[in-house]
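Each residue of the sequence shown is one higher than the one before, starting from 1 at the first, in UniProt numbering.
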Amino acid sequence: MKNKKMITIILKKLKELYPEKIKQRDPYKVLIETILSQRTKDENTKKASKKLFSKYDTIEKIANAQEKDLEKLIKCVGFYRVKAKRIKKISKILINKYDGKVPKNLKELLKLPGVGRKTANCVLVYGFNEDAIPVDTHVHRVANRIGLVNTKTPEETEKTLRKIIPRDYWKEVNKLFVEFGKNICKPTNPKHEKCPIKKFCKYVENLEV
């Protein structure tokens with residue numbers, strides 16, 4: 001595991017590579033899009049989200065929509081029938097229990113059906129600008145590969161990252177690691193020649209042994 005000084009250097013280098021600031025968005029749309037994104041390619045998530053919100057642009061309209069109509073709009077995502085039922089149910093709960101607002105609270109978010117820690121943390125970061133670390137497959141893989149953590153599950157990864165990463169960087173971890181994981185630190189054939197943190201990377205060290 002890296003020390004905190006080295007971790008800060010790694011994060012600073014990734015910020016130089018991906019300097020774009022996080023854009024705050026509607027918490028409800030973040031919640032629904034993150035649910036749609038589960039086990040689905042990014043391009044399909046964007047396509048489904050665009051279709052869904054083009055026809056049903058409010059929480060009330062989604063809550064009152066027919067499941068079959070929702071299914072047609074999001075059919076390009078994985079498990080679209082399950083997700084159609086879920087987003088309708090969540091929308092109704094938010095209207096009935098939270099006055100149509102997404103709760104700004106991890107504990108309450110986790111009470112919503114099908115919402116796990118990654119989804120809840122995404123809502124906190126991208127919807128409310130709260131300090132949290134959403135851990136998806138990219139974050140989990142990259143953090144383990146470069147040697148920040150040695151964990152088996154995304155939940156363990158989040159717990160460890162919260163301990164070792166300075167809180168000032170929490171909000172940015174997901175964005176930085178996702179971009180890095182997609183473009184340079186790929187699952188196969190990572191681009192070592194373009195990597196700004198390879199001298200800190202456990203994976204590269206093992207290759208050179």
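Glycine included, C-beta positions come from ideal geometry on N, C-alpha and C.
About 5 Å separates the Cβ atoms of K118 and P134, confirming a contact at the 8 Å cut-off. Residue environment: P154 is assigned as buried (16 or more neighbouring CB atoms within 10 Å of its CB, all protein chains considered). Between the alpha carbons of K68 and H192 lies a distance of about 46 Å.
By the C-beta density criterion, P190 is buried, having at least 16 other C-beta atoms within 10 angstroms. Taking E130 as the centre and dropping the five residues before and after it, the same chain places the C-beta of L124 closer than 6 Å to its C-beta, in chain order. Put simply, the backbone Cα of V149 is about 12 Å away from that of K4.
When the beta-carbon positions are compared, T40 and V82 stay at least 8 Å from each other.
A straight line joining the alpha-carbon of A120 with that of T160 spans about 18 Å. The region 11–20 and the region 43–57 do not touch, with fewer than three beta-carbon pairs separated by less than 8 Å. For K198, same chain residues with a beta-carbon under 8 Å away, outside a window of 5 residues either side, are H192, V204 in chain order.
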